[in-house]
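Numbering (mature numbering (1 follows the signal peptide of the UniProt record, and there is no 0)), first residue to last: -20 to -1, 1 to 80.
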């Protein structure tokens, strides 16, 4: 039950971001293992929020993640899809929905 409530809260907060809101962020972290970087962008408009991100590890391996959350106009039903792609050719897609 707590996981469902947490997921609903997260989906609702993403979906309620002001219309046409856009953002981006970039960061690099350096440790004794080398440098890792992350670049992400996102936008919200018309009840749909999207996010795209690319992470690159210290050995050059990378992973991209592209996702979206779409809610009906009353924000009673939301669906989520996220696809991950790795530099080794692997991929995975995660989907889910929440209703209140």
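Don't be surprised by glycine CBs; every beta carbon is placed ideally from N, CA and C.
Since we're looking at a predicted model, the values are computed, not measured.
Counting along the chain, no beta strand (DSSP E) covers residue 27, and no H or E run does either. In the three-state scheme derived from DSSP, where H, G and I count as helix and E and B as strand, residue 7 is classed as strand. Minimum Cα-Cα distance from residue 42 among the listed residues 18, 55, 50 corresponds to 18. Judged by beta-carbon spacing, residue 44 lies beyond the 8 Å limit of residue 30, meaning their Cβ atoms are not closer than that value.
The alpha-carbon separation between residue 75 and residue 14 amounts to approximately 33 Å. Here residue 50 is near residue 28, since their CB atoms are less than 8 Å apart. Residue 57 and residue 40 have their C-alpha atoms spaced approximately 39 Å apart.
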